[in-house]
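Counting with my numbering, you get residues 46 to 250 for the letters of the sequence shown.
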Amino acid sequence: MKKLLLTGFDPFAHYNINPSWEAVKALPEVIGSFSVHKMLLPNIYGTAGRLLLEEAERLKPDVILMPGMDSGSTRLHLDAVAVNLRDALLEDNKGAAPWGEPVVPGAPAAYFATIPTHALVKRLQKQGCPVHLGYCTGGYVCNDIFYTALHRFNGTPVKTGFAHVPLLPQMVWDESKALPLDETVKTLRQIIENLSEILTEEEHV
């Protein structure tokens, strides 16, 4: 089976849970052609990326998919681009708030996701999934690990992608601005299943 490294984040800011990790924890160990390997990452600039790469070197995954939290959406977003920029709108879990700093000094300004993001979104929307295309991942730790992984595995067979997931109902006053955990889990699973199918189809072209 192919190996999927699937990460989630710990809580940050004033939140006591993080929907990315809650969803990852609830997923099965096998999805499609993937053996799913789960990893919790800290919301800390630099540290999260370092731990991710250490685990990737050990596991040698075929695909890395990194869900993170999006407090401004009720749908999942597959992000297309990671940028070489740290722009913190709030402190990370160690109190750091870098502004205008590169993720990797001297490296390219940006990388595109190497999973088939556009094809996935189109396919999932036809299936009625609450998934949209996201563009830049932002400047917080989500972007930090996305860029770090894309930079490290640039030019290799490892496929890398990022998915933003909405808040859970218990995290907001107005539940219309959230997505229930079972819906997030279901959609994340559909993303992985469709990714498995697309990659298998590409292998047989």
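All C-beta atoms in this analysis are idealised placements derived from N, C-alpha and C, irrespective of residue type, glycine included.
Looking at residue j and residue i, is the spacing between their C-beta atoms short of 7 Å?
i: K48; j: S80; result: yes
i: H122; j: L104; result: no
i: V210; j: T229; result: yes
i: M114; j: P64; result: yes
Please report the straight-line C-alpha distance between residue i and residue j, rounded to a whole angstrom.
i: D107; j: T245; result: 12 Å
i: W218; j: T119; result: 14 Å
i: F54; j: E247; result: 31 Å
i: C187; j: P161; result: 19 Å
i: W144; j: H249; result: 45 Å
i: P87; j: K167; result: 32 Å
i: A141; j: A133; result: 8 Å
i: T52; j: E100; result: 10 Å
i: A261; j: F191; result: Residue 261 lies beyond the residue range present for the chain, which begins at 46 and ends at 250; the question has no answer from this structure.
i: D189; j: M46; result: 29 Å
Please name the residue in the options whose C-alpha comes closest to that of residue i.
i: V126; options: G206, A223, A152 and K105; result: G206
i: E220; options: G117, L50, L110 and M111; result: G117
i: N138; options: A155, A154, P225 and A93; result: A93
i: L178; options: L165, Q235, P147 and P64; result: L165
What residues in its chain sit with their C-beta under 7 Å from that of residue i, if we drop five residues either side in the sequence?
i: E238; result: I76 and G77
Apart from the five residues on each side of it in sequence, which residues of its chain come closer than 6 Å, Cβ to Cβ, to residue i?
i: I62; result: P56
i: M84; result: T52 and E100
To the nearest whole angstrom, what separates the beta carbons of residue i and residue j, a pair I think is in contact under 8 Å?
i: C174; j: V128; result: About 26 Å separates the two Cβ atoms, so there is no contact after all.
i: L233; j: L72; result: 7 Å
i: L213; j: L195; result: In fact, because the Cβ distance is near 28 Å, the residues do not count as touching under 8 Å.
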